[in-house]
Amino acid sequence: MVSKSQNFALFDHHFQMEPLLPGEHRLGPLLEQAHDLIRRADQLSGLCQPGALGGLRRLLRAMNSYYSNKIEGQHTLPLEIEQALRNDYARDADKARRQRLALAHMDTEQQLEVLWPQWDTARVWSPQTVQDIHQDLFARLPRADLAIPPSELPDGAAPAWLRPGELRQQQVSVGRHAAPAAEHLPAFLARWSQVYAHVRRGEMQVVAMAAAHQRLAWIHPFRDGNGRVARLHSQLVLGHLGLTNGLWSPLRGFARSHDAYYARLAAADEPRAGDLDGRGNLTERGLEQWISYVLALCQDQVDFMAGALALDSMKDRMAACLNYEEHVVKAGVRAQALRALHYLFATQGELDRNDFKAMLGLGERLATAQVSALLKRGLLESDSPHGRLRLGVPQHALRFYFPKLWPEAEAQD
Numbered sequence: 252m253v254s255k256s257q258n259f260a261l262f263d264h265h266f267q268m269e270p271l272l273p274g275e276h277r278l279g280p281l282l283e284q285a286h287d288l289i290r291r292a293d294q295l296s297g298l299c300q301p302g303a304l305g306g307l308r309r310l311l312r313a314m315n316s317y318y319s320n321k322i323e324g325q326h327t328l329p330l331e332i333e334q335a336l337r338n339d340y341a342r343d344a345d346k347a348r349r350q351r352l353a354l355a356h357m358d359t360e361q362q363l364e365v366l367w368p369q370w371d372t373a374r375v376w377s378p379q380t381v382q383d384i385h386q387d388l389f390a391r392l393p394r395a396d397l398a399i400p401p402s403e404l405p406d407g408a409a410p411a412w413l414r415p416g417e418l419r420q421q422q423v424s425v426g427r428h429a430a431p432a433a434e435h436l437p438a439f440l441a442r443w444s445q446v447y448a449h450v451r452r453g454e455m456q457v458v459a460m461a462a463a464h465q466r467l468a469w470i471h472p473f474r475d476g477n478g479r480v481a482r483l484h485s486q487l488v489l490g491h492l493g494l495t496n497g498l499w500s501p502l503r504g505f506a507r508s509h510d511a512y513y514a515r516l517a518a519a520d521e522p523r524a525g526d527l528d529g530r531g532n533l534t535e536r537g538l539e540q541w542i543s544y545v546l547a548l549c550q551d552q553v554d555f556m557a558g559a560l561a562l563d564s565m566k567d568r569m570a571a572c573l574n575y576e577e578h579v580v581k582a583g584v585r586a587q588a589l590r591a592l593h594y595l596f597a598t599q600g601e602l603d604r605n606d607f608k609a610m611l612g613l614g615e616r617l618a619t620a621q622v623s624a625l626l627k628r629g630l631l632e633s634d635s636p637h638g639r640l641r642l643g644v645p646q647h648a649l650r651f652y653f654p655k656l657w658p659e660a661e662a663q664d
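Encoded structure:
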């Protein structure tokens, strides 16, 4: 929570946010964690071809948006996100605002996924990129959604609105932390960029991702939206390093360890605790513990998705989904679709409609009706009425296909 009026000594020189990385004597265990993360992420990427399982990737963007906004206490229900994707917004103004924010986050993440293969390291770590993320996210919202809450304005102040991409011009404090003086933000961001853009390649880049998240939150460059931007930037770095492939994100882990996330962030804000706690102005031990927390959390997310994408167990999960569809939902989906759907998952490709129908073992009329039912339920996707078919991952199938991935979405069914 940003406080509108607390008296703190404001930081005015970038040396006051040192260390930006732990010293060499503390790096060994962190580099081992980063090495394990890279290895596991590479193995996960091998389970899914680039660009395949588009339905899953879209669903993961919705989940990431839900969790990032949940961290800020601004989330909407998963079902309401799905409704907003169909341009079906709540009548309640605040719910509709949260729906728009959810879609904006999804669109910004998708935009970053398009851009990160094109960018070099300098661009990824540029202060302008940080501002561009903020601009892209909040410029998608109507002006009314950008109003600063009166509780965060000085007494008697005129109404104000968040300006997308603009560095703050106000002095702020977050908890016990007073963010740097507004006029010195460019210098702090320049130092942040300089250090993290020039670490050695490999494991150290992953360590830098985690450290940079904390220090960007410490700088607090914007009037609002700093947490979302820091998390999206971490996602950008991991994607640029080739570690996510659109299949996992730390955002789910941050939200599911909400208290630890904020506690570790705040602990790394603390002043240095004596001569054994580094040589910078801030605690080195706190930064080390934050980085270790982030890397362990990322490993957990990778391991979860590796299990979720296991080919053999997916067949059983699909069978359970189809059984439920046939005997409970009763919308025309049949268990005979299992072989064809599992084939689409295993190959991560597409099938001509005639080829898909041939795998059903049904007559032409029943096979055609089955394709229609699967499309209507979102279990199949196609770009046109007669186009090729690919696997769909609708929100209602989550509890079967990927149980415990997004429990809040499962709870709605």
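One gets my numbering by counting positions in the sequence shown from 1 and adding 251 to each.
The beta carbon of each residue, even a glycine, is placed where N, CA and C say it ideally should be.
Quick caveat, the model's predicted, so the values are computed rather than measured.
| Asked | Found |
| --- | --- |
| Stretch-stretch touch, CB-based, cutoff 8 Å, three pairs: the region 537-551 with the region 457-477 | yes |
| CB contact flag (leucine 498, cysteine 299, <8 Å) | yes |
| Proximity below 8 Å, CB of arginine 590 to CB of phenylalanine 651 | no |
| Option in Ala438, Arg585 and Ala624 with minimal Cα separation from histidine 471 | Ala438 |
| Integer-rounded CB distance, given that leucine 626 should sit under 8 Å from serine 633 | 6 Å |
| Reduced DSSP category for serine 424 - H, G, I as helix; E, B as strand; rest coil | strand |
| Buried or exposed (CB count within 10 angstroms, at least 16 for buried), leucine 562 | exposed |
| Local conformation of proline 522 per DSSP, three classes | strand |
| Leucine 640 - containing beta strand (DSSP E), residue span | 640-642 |
| DSSP bridge partner residues for tryptophan 412 (one or two, in chain order) | Ala398 |
| Top-ranked residue by Cα proximity to arginine 507, from Ala285, Gly302, Asn320 and Gln362 | Asn320 |
| Contact check, tyrosine 317 vs histidine 326, beta carbons under 8 Å | yes |
| Cβ pair alanine 433, glutamine 420 closer than 8 Å | yes |
| Closest Cα partner of arginine 348 within the set Ser623, Ile332, Thr372 and Ser296 | Ile332 |
| C-beta neighbour in chain B for serine 508, strict 8 Å | Going by chain labels, chain B is absent from the structure shown, which holds only one protein chain. |
| Start-to-end residues for the alpha helix (DSSP H) that takes in valine 572 | Per the sequence shown, the amino acid found at residue 572 is cysteine instead of valine. Its alpha helix (DSSP H) spans residues 562-575. |
| For alanine 429, the residue or residues it bridges with in DSSP | Ser424 |
| 7 Å CB neighbourhood of aspartate 387 in its chain, flanking five on each side removed | Thr359 and Gln362 |
| Distance between arginine 312 and alanine 303 (C-alpha atoms, nearest Å) | 15 Å |
| Beta-carbon separation (whole angstroms), valine 553 vs arginine 291, contact threshold 8 Å | 5 Å |
| Cβ pair glutamine 646, proline 378 closer than 8 Å | no |
| Close beta carbons around serine 254, own chain, < 6 Å, minus the five adjacent residues each side | Unreliable positioning characterises serine 254 in this predicted model, as indicated by a pLDDT of 47, which lies under 50. The coordinate reading is nonetheless provided below. Once the five neighbours on either side are set aside, the close Cβ partners of serine 254 are Ser424. |
| Inter-stretch contact (C-beta, 8 Å, three-pair minimum) for the region 441-453 and the region 395-409 | no |
| Beta-bridge partners of glutamate 601, as assigned by DSSP | Arg641 |
| Tryptophan 367 versus Leu281, Pro280, Gly493 and Pro393, residue with shortest Cα-Cα distance | Gly493 |
| Contact belief for glycine 478 with isoleucine 322 at Cβ below 8 Å, rounded distance in angstroms | 6 Å |
| Start-to-end residues for the alpha helix (DSSP H) that takes in lysine 627 | 615-627 |
| With 16 other Cβ atoms within 10 Å as the buried cut-off, status of arginine 482 | buried |
| Distance CB(alanine 588)-CB(leucine 611) smaller than 8 Å | yes |
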